[in-house]
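Asks: As numbered in mature numbering (1 follows the signal peptide of the UniProt record, and there is no 0), residues -18 to -1, 1 to 208 make up the sequence shown, in order. Glycine residues also receive a C-beta, built at the ideal position from the N, C-alpha and C atoms. Below you'll find the structure I mean.
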Amino acid sequence: MTMLMFCFLIFLCETAFCQLAPSAGFQRTVVFIKRQSYPSQYVFLRGGRNDGSPIPIRHRVKPTIGSDSRYYDWSQGDNNLDWDAQENGQWNFKSFQKPGGTPLMWTTNVQGTVNVTKDGAGYTPINTMGPHYWMMDVDMDCNKTDDGWFQLKAFVVHGEKNDYISWNGNNGEWERGVEQTTCWGDHKKFSGVNNHVAKCGAINVFTYGEGTPCVVSKSFGDPLLG
Ligand SMILES: *[C@@H]1O[C@H](CO)[C@@H](O)[C@H](O)[C@H]1NC(C)=O
Ligand SMILES: *[C@@H]1O[C@H](CO)[C@@H](O)[C@H](O)[C@H]1NC(C)=O
């Protein structure tokens, strides 16, 4: 290869091409967990790598109503998917309601007065499935996963049991262990693991407390997604 050609390739790499390559670190990663919930219940995600270490994320949704959205506040300073409730620098809602992990947005496939773009909850066109699909929509550093896969569990905070003082993000319910052997689309099994196993750079649909049904898909138009 001539020097000129080499330089040209480096140039391409510095501009568009390499940033679009699938191996690029941060990729849009969506997780839906179907969990029937009631007002004042909030579902969070906790998770990470096989060895328990955190995975860098950047929340993609910034609700336009701002701090009136719980998701808005709880997603500020939440820079990792990890196994703890509140990470260093992660905001409280209204200064006292601590997050129980990485916040999810309650979503539905039916248009109404609230929506994800405006309120951080409600209708979103990427939910083609139904109500009560709690959603994480982030760019995740796929380089820091296990070969493109990561583990997670939901944690449900019961707001109604809390007052201004005891809302500590840990007053709630862990999702029970699930054996997730197969998903439609794609799946990965780690032996001895009782967490959901999700794919980085993909759309993952799970059911709270169950191994199935689950779908792991690369494309939002996938008929498997309902
Ligand atoms: C991820 O890995 C690819 C391929 O090794 C590398 O080019 C890229 O810079 C890495 N990205 C990050 C964010 O670490
Ligand atoms: C969300 O609601 C706002 C205000 O009603 C509206 O302008 C916007 O189009 C809605 N977005 C979606 C995706 O429904």
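Starting from the C-beta of R158, find all residues in its chain whose C-beta is less than 6 angstroms away, skip the five residues before and the five after it, and write them out in chain order.
Replies: For this step, residue 158 is matched to residue 176 along the sequence shown. Around R158: G191.
Asks: For F14 versus G151, is the C-beta spacing smaller than 9 angstroms?
Replies: To locate residue 14, count along the sequence shown from 1; it is residue 32. To locate residue 151, count along the sequence shown from 1; it is residue 169. No.
Asks: Quick one: what's G29 bridged to in DSSP?
Replies: Taking the sequence shown and counting its residues from 1, one reaches residue 29 at position 47. Partner(s): L134.
Asks: Mark residue 214 as exposed unless 16 or more other C-beta atoms lie within 10 angstroms of its C-beta, in which case mark it buried.
Replies: Because the chain is modelled from -18 through 208, residue 214 falls outside the range shown and cannot be assessed.
Asks: Hey, could you find the ends of the beta strand (DSSP E) Y115 is sitting in?
Replies: Translated into positions along the sequence shown, residue 115 becomes position 133. From DSSP, the beta strand (DSSP E) with Y115 extends over 115 to 123.
Asks: Relative to the C-alpha of Q9, which candidate in M122, F188, Q133 has its C-alpha closest?
Replies: Reading the sequence shown from its first residue, position 27 is the one you call residue 9. Here the closest residue by C-alpha is M122.
Asks: Under the DSSP definition of a beta bridge, which residues are partnered with H178?
Replies: Here residue 178 refers to the residue found at position 196 of the sequence shown. Looking at the DSSP assignment, H178 forms a beta bridge with L134.
Asks: Could you have a look at T128 and say whether DSSP puts it in helix, strand or coil?
Replies: The residue given as residue 128 occupies position 146 in the sequence shown. This sequence places Asp at residue 128; Thr is not what is there. The answer is strand: DSSP assigns D128 an E or B state.
Asks: Apart from the five residues just before and just after I47, which ones in its own chain have a Cβ nearer than 8 angstroms to its Cβ?
Replies: Taking the first residue of the sequence shown as position 1, residue 47 is located at position 65. Excluding residues within five positions, the ones whose Cβ falls inside 8 angstroms are Y54, K100, D101, G102.
Asks: Would the beta-carbon of V92 fall within 9 angstroms of that of P107?
Replies: Position 110 of the sequence shown, counting from 1, holds the residue named residue 92. Position 125 of the sequence shown, counting from 1, holds the residue named residue 107. The answer is no: Cβ separation not under 9 angstroms.
Asks: My output table needs one value for R40: the three-state DSSP class, helix, strand or coil.
Replies: Here residue 40 refers to the residue found at position 58 when the sequence shown is read from its first residue. In this structure, R40 counts as strand in the three-state DSSP scheme.
Asks: Measuring CA to CA, which of W166, D50, I37, G193 is closest to P205?
Replies: The sequence position of residue 205 within the sequence shown is 223, counting from 1. Here the closest residue by C-alpha is W166.
Asks: Am I right that residue 211 and D60 are in contact with their C-beta atoms under 8 angstroms? What's the rounded C-beta distance?
Replies: With the chain represented from -18 up to 208, any question about residue 211 goes unanswered, as that position is not in the structure.
Asks: My understanding is that I37 touches N70, with C-beta atoms under 8 angstroms, so please give their C-beta distance in whole angstroms.
Replies: Here residue 37 is taken as the residue at index 55 of the sequence shown, counted from 1. Here residue 70 is taken as the residue at index 88 of the sequence shown, counted from 1. Not a contact, Cβ separation roughly 16 angstroms.
Asks: State buried or exposed for W88, treating a residue as buried only when at least 16 other CB atoms are found within 10 Å of its CB.
Replies: To locate residue 88, count along the sequence shown from 1; it is residue 106. Buried, since its Cβ has 16 or more Cβ neighbours within 10 Å.
Asks: Using the three-state DSSP reduction, which class does T99 fall into: helix, strand or coil?
Replies: Within the sequence shown, the letter at position 117 stands for residue 99. It is helical.
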